[in-house]
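Novice: Quick one: structure below, then a few questions.
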Amino acid sequence: MQPTEGAAEATTPSTPARRFGAVVHEAAQRAGYDLTPGSGGRLALARDTGMSASAVGRMLRGETLPRPSQFERIAQVVHLGLHELLVRGGVISEDSANDLSQGVRSPITPEGALDAWGVTHPMIRKFLLASIDQAISLQRESERGPIPSDEGRGGGAVHMQR
């Protein structure tokens, strides 16, 4: 092993949690958070990320990784792109980050699924395709807010025209 490799290993955190904590610590300081004990910077970081103060402390010490749902807010608060935070923090590899940036799409269509399942009856296909369309529509609605109740909508039944 060359001496420069050993030096690099000594400065690279040994676990994903430590690596992530080091990246967030450095970025938070650059973003203006004073993380020295008693300065209030950790409390401010906790407030701004929506995390508890104890969770922020564990993250910065490299004891734990935050919940995946918190990564985006952490990136915003410390002025890093989500991609950069996740790759530099060792949560995902550069290769997987490139895969994610291209989007994930299923190679199968609803029609292809029905073909693969051997569903050939025209009315059954029509019913299932309408159900899939409704499910996709409900999913999109739920991403914008709560799904409305089925009251006043016929109990959620799928109505088909002949």
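Each residue of the sequence shown is one higher than the one before, starting from 0 at the first, in numbering that gives the first Met the number 0. Where is the CB? At the ideal position from N, CA and C, for every residue including glycine. Please read all numbers here as calculations on a predicted model, not as lab measurements.
Taking buried to mean at least 16 other C-beta atoms within 10 Å of its own C-beta, is residue 143 buried or exposed?
Specialist: That one is exposed.
Novice: Could you tell me which whole beta strand (DSSP E) segments of length 3 or greater appear in the region 44-116?
Specialist: Taking only runs of at least 3 residues, no beta strand (DSSP E) segment lies wholly in the region 44-116.
Novice: Any idea if residue 80 is buried or exposed, counting beta-carbon neighbours within 10 angstroms, 16 or more meaning buried?
Specialist: Per the 10 Å Cβ criterion, exposed.
Novice: Would residue 52 pass as a contact of residue 45 if the rule is Cβ separation under 7 Å?
Specialist: In this structure, residue 45 lies closer than 7 Å to residue 52 by Cβ.
Novice: How do the region 83-91 and the region 110-117 stand: do at least 3 beta-carbon pairs fall below 8 Å, yes or no?
Specialist: Cβ pair count under 8 Å is below three, so no.
Novice: Label residue 14 either buried or exposed according to how many other C-beta atoms from any shown protein chain fall within 10 Å of its C-beta, with 16 as the threshold for buried.
Specialist: It counts as exposed.
Novice: Apply the 10 Å Cβ neighbour rule to residue 65 and answer buried if 16 or more other Cβ atoms are within range, or exposed otherwise.
Specialist: When all chains shown are included, residue 65 counts as buried.
Novice: Should residue 73 go down as buried or exposed, given a rule of 16 or more other Cβ atoms within 10 Å for buried?
Specialist: Burial call: buried.
Novice: With DSSP run on the structure shown, which of helix, strand or coil describes residue 128?
Specialist: Correct three-state label for residue 128: helix.
Novice: Would residue 59 be called buried (16 or more neighbouring beta carbons within 10 Å of its own) or exposed?
Specialist: Residue 59 should be labelled buried.
Novice: Could you have a look at residue 30 and say whether DSSP puts it in helix, strand or coil?
Specialist: Three-state result, residue 30: coil.
Novice: Taking C-beta to C-beta, are residue 78 and residue 30 nearer than 7 Å?
Specialist: Contact flag set, yes.
Novice: Given residue 109, which residues of its chain have a CB within under 7 Å of its CB, disregarding the five upstream and five downstream residues?
Specialist: Excluding positions up to five away in sequence, the list reads 128 and 131.
Novice: Check this for me: beta carbons of residue 40 and residue 33, under 7 Å apart or not?
Specialist: Result yes, Cβ atoms of residue 40 and residue 33 sit closer than 7 Å.
Novice: In this structure, does DSSP put residue 38 in helix, strand or coil?
Specialist: Coil.
Novice: Once DSSP output is grouped into helix, strand and coil, what is the label at residue 22?
Specialist: Of the three classes helix, strand and coil, the one that applies to residue 22 here is helix, per DSSP.
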